[in-house]
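Peer 1: Take this structure first; my questions come after.
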Amino acid sequence: MQKKKKTSVLHLNLNPNSRFLFISDIHADKELFKMALDKADFKDDDVLFIIGDVIEKGENNLDLLDYLLELKEKYQIYFLAGNCDEVLRYIIPPVDKDNFLYYAIVKGNSIVNEMANKLNIKLDYNMDVDFVCDLFHREFIKYYNFIDEFYDVIILNDKYVLVHGGLDDVSNIPEYNNSLLKYDGFYLKAKYSPYIRIVGHFPVVNYTTSIPCNNPIFDFNRNVISIDGGNKVKLSGQLNILILENEKFSFLYVDKYPKQICKKNIILPLSKPCHMDSYLGNVIYKGEKLGDFYVVYNEIGEKAYAYKTNVIIDKDKFFCYDATNYMMPLRKGDRYSIIIKAWPFTIVKKEGYIGLVSTRLVDADEV
Numbered sequence: 019m020q021k022k023k024k025t026s027v028l029h030l031n032l033n034p035n036s037r038f039l040f041i042s043d044i045h046a047d048k049e050l051f052k053m054a055l056d057k058a059d060f061k062d063d064d065v066l067f068i069i070g071d072v073i074e075k076g077e078n079n080l081d082l083l084d085y086l087l088e089l090k091e092k093y094q095i096y097f098l099a100g101n102c103d104e105v106l107r108y109i110i111p112p113v114d115k116d117n118f119l120y121y122a123i124v125k126g127n128s129i130v131n132e133m134a135n136k137l138n139i140k141l142d143y144n145m146d147v148d149f150v151c152d153l154f155h156r157e158f159i160k161y162y163n164f165i166d167e168f169y170d171v172i173i174l175n176d177k178y179v180l181v182h183g184g185l186d187d188v189s190n191i192p193e194y195n196n197s198l199l200k201y202d203g204f205y206l207k208a209k210y211s212p213y214i215r216i217v218g219h220f221p222v223v224n225y226t227t228s229i230p231c232n233n234p235i236f237d238f239n240r241n242v243i244s245i246d247g248g249n250k251v252k253l254s255g256q257l258n259i260l261i262l263e264n265e266k267f268s269f270l271y272v273d274k275y276p277k278q279i280c281k282k283n284i285i286l287p288l289s290k291p292c293h294m295d296s297y298l299g300n301v302i303y304k305g306e307k308l309g310d311f312y313v314v315y316n317e318i319g320e321k322a323y324a325y326k327t328n329v330i331i332d333k334d335k336f337f338c339y340d341a342t343n344y345m346m347p348l349r350k351g352d353r354y355s356i357i358i359k360a361w362p363f364t365i366v367k368k369e370g371y372i373g374l375v376s377t378r379l380v381d382a383d384e385v
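Using the working numbering, you'd call the opening residue of the sequence shown number 19 and step up by one each time.
Structure representation (structure tokens):
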């Protein structure tokens, strides 16, 4: 494994009658990944593409990699690199000490923490970072080699382009892989391509301006399918499974939120739904505190509610994520999940869509 990687491209011609599955942004969540394969009824003759960000942010980095190493011996699986998978490349000596300490001590839930625990190494600000990283490289070489084999771009049947972050021009693929793996907001910037580009990396809910939704985005005017459901990144995150069968796309998703059945209608008057997020550079203004939420406004005066952990206040700067005013209508018999019960609203999810319900009404429904 080299510290700087040239872009690796795989051209594949596979039986178009095969069933193709696409998953991205697993983020070390072995349990949810297995749930996804079970829900999709993954079989021997299926072809699975994992479109980057296998590791980081979750708690089972090494276990997941071991599981994937087992699976690839039995099934037809192709792996693409994501920006989070490159963490192993970044910690090959000589190492940027500040960046390493950020991952190891500040960020947590990194593969470097798991490797240190396996070797009974205490990570602290006084350690010899190059020595530790060299030891990691020697002791865990199978993981380095496995991730180093991940492709950066796969062109499938000269019709579909798979890449973690995004790719503007299939005829002009960059020499090095960095820009392909981390391309924030690719869907909004993408122009039409004759290839259907299937990407992960950027949670799809970030693109929504009305009703928040984690389900894949299908845009055949631009020929982009964006599938990152925000697992391990968003409060309401899910793992999406894109399925291509008989030249038709469908999808499933899995999450860990318990489902419940609505016992009575919970329907509040609807205003124009909006979703606000600072990820795309939107200017959002802070209003008053309302229980566990902040009232926030966008530049045209629309009002929404941001849960307290989705707000960052840094001196004179204000950032918020996944603020919404969407009051989720629930009808008797609907299956829905409670993401967070707070006050005065409970954040709920139904069929991949996220909204708010009065906590008073949720409590009454649970009686």
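Every residue, glycine too, gets a C-beta built ideally from N, C-alpha and C.
1. Check the DSSP bridge columns for G373 and list the partner residues they point to.
2. Going by other Cβ atoms of all chains shown within 10 Å of its Cβ, with 16 needed for buried, is L286 buried or exposed?
3. May I ask you to report which of helix, strand or coil DSSP gives Y297?
4. Where S36 and S296 are concerned, what is the direct C-alpha to C-alpha distance, given to the nearest angstrom?
5. Counting along the chain, where does the alpha helix (DSSP H) carrying E77 start and finish?
6. List in chain order: all unbroken beta strand (DSSP E) runs of 3+ residues lying wholly within the stretch 163-200.
7. Do three or more CB pairs link the stretch 216-225 to the stretch 233-244 at distances below 8 Å?
8. Does DSSP classify Y271 as helix, strand or coil?
9. What would DSSP say about V385, mapped onto helix, strand or coil?
10. Between the C-alpha atoms of Y85 and M133, what's the straight-line distance to the nearest angstrom?
11. Less than 8 Å between the CB atoms is what I'm expecting for D352 and H219, so what's the real figure, rounded?
12. Under 8 Å by Cβ, that's how I've got Y93 and L66 pegged, so tell me the actual separation to the nearest angstrom.
13. Could you check the C-alpha separation between V385 and K368 for me, to the nearest Å?
14. Buried or exposed: which applies to G126, given that a residue is buried once 16 or more other Cβ atoms fall within 10 Å of its Cβ?
15. Just to confirm the assignment: which complete alpha helix (DSSP H) runs, minimum length 4, are found wholly within the stretch 97-140?
16. Just curious, the alpha helix (DSSP H) that C151 is in, first and last residue?
Peer 2: So, from the data block:
1. V366
2. exposed
3. helix
4. 40 Å
5. No alpha helix (DSSP H) holds E77; DSSP gives it neither H nor E.
6. 171-174, 178-180
7. yes
8. strand
9. For V385, the predicted model reports a pLDDT of 46, less than 50, meaning its position is unreliable; a value from the coordinates is still stated below. Reduced to three states, the DSSP call for V385 is coil.
10. 16 Å
11. In fact, because the Cβ distance is near 32 Å, the residues do not count as touching under 8 Å.
12. 6 Å
13. Interpretation of V385 is limited by its pLDDT of 46, a score under 50 that renders its predicted location unreliable; no figure is taken from the coordinates.
14. exposed
15. 105-108, 115-119, 129-136
16. 147-157
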